[in-house]
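Data first, discussion second: the structure below is written as structure tokens.
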Amino acid sequence: MALTGIEIFKLLPKTNCKKCGFPTCLAFAMKVAQGQVDIEQCPEISEEIKAKLKEASTPPIRGFFFGSSSTKIKIGEELVLFRHEKKFFNPTVLAFEIKDTDSNIDLLIDEVLNSSIERVGQTLKIDAIFLKNQSGKVDIFLQALDKILDKAPDLPLIFGTLKPDVAVAAVEKTKDIRPILSEANSENINEMAEIAKKYNIPLVVRDKGIEKVMALLETARSKGIQDLIIDTKPETAKEILINNTLIRRAALKKGMKVLGYPIITFANRDDDFYETIIASLAVLKYSSIVVLSSIPKWKNLVLFTLRQNIYSDPQVPMQVKQGIYKVGEPDGNSPLMITTNFALTYFLVKGEIENSKIPTWLAIMDCDGLSVLTAWAAGKFSASKIAEFIKESGIEERLNHRELIIPGYVAMLKAAIEDKLQGWKVIVGTKEASGIPAFLKNYMKSKALV
Amino acid sequence: MNFSIPKETYAGIIPEIVFGKGKKAYFGGQSALPFHFFEGHFPHKPLIAFEIQDQIPEDYPEELAKTYSSVWDDTLRWARFCESLGAQAIALRLTSTHPDSRDSKPEEAADKVKKLLSEIDLPLIILGSNHTEKDADVLPIVADASRGYNCIIGKAQEGNYKTVVASAMAGGHFLIAMSDLDVNLAKQLNILITQMGFPREKIIIDPMCSALGYGFEYTYSVMERIRIAGILQGDSMLCLPMVADVGFYVWKTKETQASESDIPEWGSLHERALMWEAVTACSFLLSGADLLIMRHPEAVKIVNRFMNDLFS
Ligand code: B12
Ligand code: SF4
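See below:
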């Protein structure tokens, strides 16, 4: 845990000798606490105290990257047990397990490469492949690896093998993409640690339960390996929940460095439904990597959405800028719709307008990122503010008509807006965005008739 | 190596809820954060109630229609069907009373409730139509018609709590108190309710639910905050069981309705829809829900499996 300025000051010589470039030790300590100056600038403190300060300023859960320079993903470095306390920082990596014995490896790689889905302006996808050495053989593993490297040369990879010779052969081929090596257990820890150290790659350490895995982690640490990942081999949902909670709690609340590492969870289960539930549990409860045995699109959508929700910032809703947006190529006769600048609202509405294939002006009003009803209830999406926004937006000059379509949920605003926006007619749209395509088609038809 | 479990010290216990007359159902009674078996006592699993309605639902999408359309024109048959699916409790939502629906009379709702109670042995949760004013008319009559059956009724909200609380009290029922996704609003409402003489131990907090992808993270965090304030920090007005009205919010979403041919990148509708409900429900179990109100029987099965796995 980070030290305060006063705590740092207590460790300084308190001579105010100014060699650090600051007038007093206290002034220097304050700057160090704010992270603006390196402690090394004081030539007077002992190595022992330096080490102590360094230790105190390292994050309680270690963070590191894997993947190539262009695809790298950061895991770990989480600071809280509950997202409302600050936020969850580095989203859970979803990895798809491919066995080197699978007969259709090319198709499986394609599944990963085609997994991306757009949601609320973000591209979400399966992040990595966990290549499992089912065969136990070096050549078969390398053949499978070649297929992956051929199709996706810098996709982040995790190698699942117990054999040091397989590990070395695979890592030799992937030096540029910093793969994760999984796994070191009580039998192969020395050899695996050797490899992780030599190639500077993260290592998964695996044993049953927290106590046993701690012993292995200690061994790996003593060999100088820093980038470790924990697997306590949980079998039940109960074990996942409890082990993950205790590990994060021990790292954050008790400052136990030996448990201050990201966690990997193997969600693989007999059925896809239950695997999705176990993966959800792992996403919600502190796993940094979740390994899946299948990635059908419905399951990806569920897990991507969950991960996006839970890793969002509780203090700031995702929002878009105020303004008049074009959906398609609208002209003077195109419809005009209005909604709030909550990112979710905007993307849902925009998506449905696109589905309708009718070019439309979409007026997005700044409501501090609140949804339609929330903004209305908070007085931010009110008749007078809407009227003012429409007037000032300059949209009047681009239109040959004076009709504004409002969300169905705020139908009650119709009269008040018409009152404040002279010469305008307010049309009440559908409540749900999903009704927009049908609504717009009818709307355009009715206008054509007039 | 030696690992000494870092335990929390708790300041409260969630009241135990036992409701129903013949057959009873239970939840609550735990003394730690959700499923922290290593530092607390968990006498009951969370409870899942099957939702039924007092008329043919106006907005059930295809995936639900497939399951219920043969029984949904008759509330009693619908309830029996849920019983045959293994339901431990029924949640009857009186949607027909809503002014935008049939605006049906409170007496009509009361008749349905009476009939259900006399024919079905399962514990009953009775929900209005979520129209603040109309619920204030309907719930008193319904609470009276079910007097002695030890039901849960709701929802009391800021705008109607006086009437709803009085009727729950007179009928001897448990009460769901709903506020808008805010710890302080939940607490404030519970204070007002207890000030009317309603027993604290009979309140179930509805912090307002939402579906995965549609406000989910707000509900999740508010639930966590309520549970932490109640059980860890000892705020008695928040140290209460919570309900997640999952089905109601989930089955409005596009993810439970759009076909694969419409949106190929979303994959198969059936799996997607029922997992939307199952994952929303399981997540809220982890954030502190003790009672879930759900719709799809397959989703219920999956959530049950999850609970058994947690309690293994
Ligand atoms: C999450 C949430 C919050 C979050 C805010 C999240 C956010 N960024 O907006 C928080 C916790 C902050 C919040 C606060 C409040 N909330 Co709130 N909140 C919700 C909740 C659960 C979900 C809202 C949401 O994200 N919806 C999803 C978005 C996408 O929906 P949407 O913007 O409406 O868009 C849809 C449609 O409107 C349509 N659409 C949108 N634009 C357009 C445009 C056109 C032309 C058309 C045709 C269609 C269309 O398409 C979208 C998809 O279908 C809802 C209840 C619920 N489950 O729905 C309550 C809800 C909106 N909140 C409510 C209230 C009262 C409040 C508070 C006032 C509570 C309080 N007293 O403090 C505060 C106000 C905020 C403030 N003072 O700062 C009420 C509003 C009630 C009412 N009818 O007035 C609701 C409905 C809850 C309830 N009581 O039932 N809330
Ligand atoms: S160099 Fe060190 S001892 Fe000298 S003033 Fe700066 S902090 Fe104090």
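Protein sequence lines, in the order shown, are assigned to chains D and E.
For the first sequence, our numbering begins at -6 and goes up steadily by one.
For the second sequence, our numbering begins at 290 and goes up steadily by one.
Note that the Cβ used here is the ideal one computed from N, Cα and C, for glycine as well.
Bear in mind that the values here come from a model prediction, so they are computed numbers and not experimental data.
For a test of your reading of the model: does the CB of residue i fall under 8 Å from any non-hydrogen atom of the ligand SF4? Yes or no.
{"i": "Q29/D", "result": "no"}
{"i": "E37/D", "result": "yes"}
{"i": "C10/D", "result": "yes"}
{"i": "T(-3)/D", "result": "no"}
{"i": "K130/D", "result": "no"}
{"i": "A26/D", "result": "no"}
{"i": "L46/D", "result": "no"}
{"i": "K7/D", "result": "yes"}
For the putative contact between residue i and residue j, defined by C-beta atoms under 8 Å, what is the C-beta separation to the nearest angstrom?
{"i": "A455/D", "j": "A88/D", "result": "Residue 455/D is absent from the structure shown; chain D starts at -6 and stops at 443."}
{"i": "I133/D", "j": "I102/D", "result": "16 Å between Cβ atoms; not a contact."}
{"i": "L294/D", "j": "R561/E", "result": "6 Å"}
{"i": "E204/D", "j": "F292/E", "result": "5 Å"}
{"i": "L413/E", "j": "Y438/E", "result": "7 Å"}
{"i": "D306/D", "j": "K118/D", "result": "That pair is no contact at about 21 Å."}
Put residue i into one of helix, strand or coil per three-state DSSP.
{"i": "G450/E", "result": "Strictly speaking, residue 450/E in this sequence is Tyr, with Gly absent from that position. Helix, per DSSP."}
{"i": "A213/D", "result": "helix"}
{"i": "Y315/E", "result": "strand"}
{"i": "A49/D", "result": "helix"}
{"i": "Y438/E", "result": "coil"}
{"i": "K67/D", "result": "strand"}
{"i": "Y267/D", "result": "helix"}
{"i": "M583/E", "result": "strand"}
{"i": "S319/D", "result": "Per the sequence presented here, residue 319/D reads as Lys, with Ser not at that position. Strand at K319/D."}
{"i": "L464/E", "result": "strand"}
{"i": "I151/D", "result": "strand"}
{"i": "G56/D", "result": "strand"}
{"i": "K491/E", "result": "helix"}
{"i": "F2/D", "result": "helix"}
{"i": "A260/D", "result": "coil"}
Quick check: is the beta carbon of residue i nearer than 9 Å to any beta carbon in chain D?
{"i": "C571/E", "result": "yes"}
{"i": "I492/E", "result": "no"}
{"i": "M564/E", "result": "yes"}
{"i": "A475/E", "result": "no"}
{"i": "A300/E", "result": "no"}
{"i": "K541/E", "result": "yes"}
{"i": "G502/E", "result": "yes"}
{"i": "N291/E", "result": "yes"}
Anyone know if the C-beta pair for residue i and residue j falls short of 9 Å?
{"i": "R516/E", "j": "L501/E", "result": "no"}
{"i": "S281/D", "j": "P255/D", "result": "yes"}
{"i": "T85/D", "j": "P149/D", "result": "no"}
{"i": "A466/E", "j": "I441/E", "result": "no"}
{"i": "S273/D", "j": "V568/E", "result": "yes"}
{"i": "P496/E", "j": "L464/E", "result": "no"}
{"i": "R214/D", "j": "V161/D", "result": "no"}
{"i": "R199/D", "j": "D224/D", "result": "yes"}
{"i": "E425/D", "j": "K418/D", "result": "no"}
{"i": "V403/D", "j": "L366/D", "result": "yes"}
Beta carbon of residue i: closer than 8 Å to some heavy atom of the ligand B12?
{"i": "V365/D", "result": "yes"}
{"i": "K424/D", "result": "yes"}
{"i": "I602/E", "result": "Only positions 290 to 601 of chain E appear in the structure, and residue 602/E is not among them; the question remains open."}
{"i": "N419/E", "result": "yes"}
{"i": "W369/D", "result": "yes"}
{"i": "D359/D", "result": "no"}
{"i": "C498/E", "result": "yes"}
Does any residue of chain E bring its CB to less than 9 Å from the CB of residue i?
{"i": "E104/D", "result": "no"}
{"i": "E70/D", "result": "no"}
{"i": "P328/D", "result": "no"}
{"i": "I54/D", "result": "no"}
{"i": "V73/D", "result": "no"}
{"i": "S427/D", "result": "yes"}
{"i": "V295/D", "result": "yes"}
{"i": "T238/D", "result": "yes"}
{"i": "S273/D", "result": "yes"}
{"i": "T333/D", "result": "no"}
{"i": "Q301/D", "result": "yes"}
{"i": "P84/D", "result": "no"}
{"i": "A230/D", "result": "yes"}
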